[in-house]
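Some notes on the structure that comes next.
Residue numbers (my numbering): 47 to 359.
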């Protein structure tokens, strides 16, 4: 059998070889390629593959259609909207993902972004490098603020733990009710959350229900001092409405790690919006998370080979 790894998994060569070795003994051949946007090249790379491994690189329907032997797509990512899942399923291809690998990384980034915005770290560092002081750049604390978490899954729960440790009040909105909610978390509807939160964290998946979830009406419900933090997917937020809200000072700021268009952003107007902290989709990108992701991906491959696929999409 042949597995094509379509892009780097961000791990060391020793780590990669260590994960491949046990499967190589089961007559699995591994072939590696660099990430590409060239559809024809993708078709050629996986034409005779039995399995493919990729992270967040797009895998289009026509590429999957051209893969004559493909039986398994192993996605080293939590979200799968970059893969033509419907096409794969129509062909009887099994898909697995790596949900859970970046829980800590994404939750910590949310805290870091809010701290940076609240304490004006970029501005004060620039001032310090120019031999200046803090005049006019007094920050705020998280303690005593209300944090609203939209999407209270594993990442949302960990975010709640971290912000609670700072002394924040925690509101959460979740689709499915469960009984294991910490006593410091108040579950509420989206409107209540938006109206009462100083910090709104988006951790929900992107689907038909959540696309455009935060638009002009929802932004209008938020406090003027509120900060929106999007660590979910770009299309969860109506970007044009967000830019207008920031320009009109209807909300105080936004921290964005995801966008309608994946970085590099080019001339995307969001880069000119005021009171924003922008990062190029780094939420998952810690060495610890990438190592854990690789462990999950190769465990998925092993489980599929043995006829017991795990983490099914």
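No residue lacks a Cβ here, since even glycine has one placed at the ideal position from N, Cα and C.
C-beta atoms of residue i and residue j nearer than 9 Å
i           : j           : result
residue 77  : residue 100 : no
residue 44  : residue 109 : In the structure displayed, the chain extends from 47 to 359; residue 44 sits before or after that span and is not available.
residue 359 : residue 126 : yes
residue 191 : residue 245 : yes
residue 336 : residue 56  : yes
residue 331 : residue 113 : no
residue 162 : residue 301 : yes
residue 268 : residue 307 : no
residue 140 : residue 117 : yes
residue 346 : residue 144 : yes
residue 65  : residue 340 : yes
residue 355 : residue 327 : no
Sheet register partners of residue i (DSSP bridge)
i           : result
residue 227 : Residue 227 pairs with nothing; no bridge assigned.
residue 219 : 196
residue 51  : 78 and 99
residue 299 : 273
residue 152 : Answer is none; residue 152 lacks a bridge partner.
residue 232 : 217
residue 118 : 97 and 140
residue 358 : 142
residue 323 : 301
Chain-order list of residues whose beta-carbon lies under 7 Å from that of residue i (same chain, five-residue window excluded)
i           : result
residue 249 : 195, 196, 197, 199, 201, 202, 205, 277 and 278
residue 48  : 75, 77, 94, 95 and 96
residue 102 : 123 and 128
residue 166 : 183 and 185
residue 231 : 206, 216 and 218
residue 298 : 270, 271, 272, 273 and 321
residue 241 : 267
residue 72  : 351
residue 104 : 128
residue 168 : 162
8 Å Cβ shell around residue i - same chain, five flanking residues per side excluded
i           : result
residue 70  : 76
residue 180 : 170 and 173
residue 292 : 299, 300, 319, 320, 321 and 322
Residues of its chain near residue i, where Cβ-Cβ distance is below 6 Å and the 5 sequence neighbours each way are ignored
i           : result
residue 256 : 250 and 282
residue 236 : 219
residue 229 : none
residue 153 : 201, 204, 205 and 208
residue 92  : 50, 98 and 113
residue 214 : 188, 191 and 193
Supposed close pair residue i, residue j - CB separation, criterion 8 Å
i           : j           : result
residue 343 : residue 84  : About 23 Å separates the two Cβ atoms, so there is no contact after all.
residue 243 : residue 193 : 6 Å
residue 350 : residue 54  : Contact flag wrong, Cβ pair sits at about 21 Å.
residue 111 : residue 133 : 7 Å
At least 3 beta-carbon pairs within less than 8 Å: the segment 315-327 vs the segment 273-292: yes
The segment 279-298 touching the segment 307-318, judged by at least three CB pairs closer than 8 Å: yes
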